[in-house]
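Top line first, the protein sequences correspond to chains A and B.
Convert by adding 39 to the 1-based position in the first sequence; the result is the number in my numbering.
Convert by adding 39 to the 1-based position in the second sequence; the result is the number in my numbering.
Idealized CB from N, CA, C, for every residue including glycine.
Protein chains: 2
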Amino acid sequence: MTNMEITQYTRDNLAEKLRTHGINPTHQRIEIGFALFSRHEHLSADQIMAIVNTRHSETSKATVYNTLNLFLEKKLIREVIVDPSKVFYDPNTEPHYHMYDLESGRLTDIDAADVRVTGLPTLPSGMVTESMDIVIRVRPSDAAH
Amino acid sequence: MTNMEITQYTRDNLAEKLRTHGINPTHQRIEIGFALFSRHEHLSADQIMAIVNTRHSETSKATVYNTLNLFLEKKLIREVIVDPSKVFYDPNTEPHYHMYDLESGRLTDIDAADVRVTGLPTLPSGMVTESMDIVIRVRPSDAAH
DNA sequence: CATAAGGTTAGACACAGTCCAACCCCTATC
DNA sequence: GATAGGGGTTGGACTGTGTCTAACCTTATG
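Dropping the structure here:
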């Protein structure tokens with residue numbers, strides 16, 4: 040099981056999800072996880088911090104980064120690198136790719152199930168693939184480029 | 040013609056290349072272009088600045104960034120976003136993808152000619168594709184992950 | 001209770017990249 | 001060959017993301 044289908048996240052089942060990934064579910068971690076998993080959006084660290092700090096207790100910048108890096112390490116979330124100025128964190132760990140709207144900065148998922156990539160070279164020996172990312176950068180056709 | 044085959048770059052034919060792209064070939068711009076095009080490597084802004092400042096005159100950080108952004112605008116080079124901490128600049132504007140070694144940070148090209156990608160969704164109407172980037176992240180198989 | 005380990009915090013820090021106002025250099029014009 | 005003007009360059013200040021550190025808090029355990 041990589042991802043049991045939870046349709047509605049609560050702070051309780053999120054705590055459970057953290058535990059099954061070997062993460063001690065503290066107050067702050069649950070809030071940060073909740074921010075990511077209850078929305079299904081790609082959020083940057085500062086967006087997450089803003090969301091978390093509008094409710095309940097304050098959470099520091101250090102904790103936000105500590106927690107996101109912990110979640111990454113434990114493969115609970117993924118990192119999406121499309122914008123040179125900030126990293127997006129992606130609660131969807133199923134295989135998928137991304138479409139990035141250069142105009143709005145909006146990032147949307149492309150299901151990997153339908154996509155086939157052929158003709159890639161074989162890896163140098165002793166190397167293994169960690170991930171393959173595909174990013175399609177798009178813009179409105181009337182926009183000046 | 041997108042890219043005439045220049046096997047050996049000199050400061051002279053580089054000045055010519057800049058001119059054909061509508062760029063006034065100044066001293067600094069030629070040096071920065073030479074750093075990128077004579078190597079066929081992916082360099083970051085600080086690497087370029089280091090290279091340029093070991094020979095001839097000094098070039099400021101502002102000029103390095105101004106020039107790289109100008110080159111990007113004029114489609115003389117491409118930007119490769121794989122590492123959250125820095126942008127790489129790619130002198131190769133032919134269609135190709137990238138393999139990124141997470142251990143060493145080394146970035147290598149994958150020729151696009153052999154690669155086929157099928158099953159991508161159609162774009163939302165009014166949108167055009169600016170680019171499609173594929174990044175294969177690899178690491179040594181013995182490395183702790 | 002005492003202790004220790006783990007978690008959180010504010011604030012200092014590092015670093016990539018941008019901005020700005022002053023300056024420089026080159027060319028055109030007289 | 002003086003002058004002016006525009007494009008290019010510059011140092012330095014600044015911004016924003018992300019990291020580090022040392023102190024502090026919390027919780028489980030004996």
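C-beta atoms of residue i and residue j nearer than 8 Å
i: Leu-111 (chain B); j: Glu-118 (chain B); result: yes
i: Leu-75 (chain A); j: Pro-160 (chain A); result: no
i: Asp-150 (chain B); j: His-137 (chain B); result: no
i: Val-156 (chain A); j: Arg-178 (chain B); result: no
i: Val-174 (chain B); j: Tyr-139 (chain B); result: yes
i: Arg-145 (chain B); j: Ser-170 (chain A); result: no
i: Ile-69 (chain B); j: Ala-89 (chain B); result: no
i: Ile-71 (chain A); j: Thr-93 (chain A); result: no
i: Ile-120 (chain B); j: Pro-123 (chain A); result: yes
i: Asp-60 (chain B); j: Leu-115 (chain B); result: Rather than Asp, the amino acid found at residue 60 (chain B) in this sequence is His. Yes.
Interface flag, residue i vs chain A, CB-CB below 8 Å
i: Ser-83 (chain B); result: no
i: Thr-41 (chain B); result: In this predicted model, Thr-41 (chain B) has a pLDDT of only 48, less than 50, meaning its place in the structure is not dependable; the value taken from the coordinates is given anyway. With 8 Å as the cut-off, Thr-41 (chain B) does not count as an interface residue toward chain A.
i: Ile-69 (chain B); result: no
i: Ile-116 (chain B); result: no
i: Asp-51 (chain B); result: no
is_contact[residue i, chain B] using C-beta, thresh 8 Å
i: Pro-123 (chain A); result: yes
i: Gly-158 (chain A); result: yes
i: Arg-58 (chain A); result: no
Residue range of the alpha helix (DSSP H) that includes residue i
i: Ile-71 (chain B); result: 66 to 77
i: Asp-51 (chain B); result: 50 to 59
i: Glu-142 (chain A); result: Careful: Glu-142 (chain A) lies outside any alpha helix (DSSP H) and carries neither H nor E.
i: Ile-90 (chain A); result: 84 to 91
i: Val-103 (chain B); result: 100 to 112
Supposed close pair residue i, residue j - CB separation, criterion 8 Å
i: Val-126 (chain A); j: Ala-84 (chain A); result: 7 Å
i: Lys-113 (chain A); j: Ile-62 (chain A); result: 6 Å
i: Gln-67 (chain A); j: Thr-46 (chain A); result: Not quite, the Cβ-Cβ distance comes to about 25 Å (not below 8 Å), so this is no contact.
i: Tyr-48 (chain B); j: Phe-73 (chain B); result: 6 Å
Where residue i meets chain A, residues with beta-carbon distance less than 7 Å
i: Gly-165 (chain B); result: Pro-179 and Ser-180
Partner residues on chain B for residue i, Cβ-Cβ distance less than 8 Å
i: Glu-169 (chain A); result: Leu-141, Arg-176, Val-177, Arg-178 and His-184
Contacts that residue i makes with chain B (C-beta to C-beta distance below 9 Å)
i: Asp-153 (chain A); result: Thr-157, Gly-158, Leu-159 and Pro-160
Under 8 Å by beta carbon: chain A residues contacting residue i
i: Val-103 (chain B); result: Per Cβ cutoff of 8 Å: no residues; Val-103 (chain B) is ~15 Å from chain A at best.
i: Val-126 (chain B); result: Pro-123
Within chain A, the residues that residue i reaches when beta carbons sit closer than 9 Å
i: Ile-120 (chain B); result: Ile-120, Val-121, Asp-122, Pro-123 and Val-174
i: Ile-149 (chain B); result: Leu-159 and Pro-160
Run of the beta strand (DSSP E) containing residue i, from where it starts to where it stops
i: Lys-125 (chain B); result: 125 to 129
i: Asp-122 (chain B); result: 117 to 122
i: Pro-179 (chain B); result: 166 to 179
i: Val-154 (chain B); result: It is not in any beta strand (DSSP E) - Val-154 (chain B) carries neither H nor E in the DSSP assignment.
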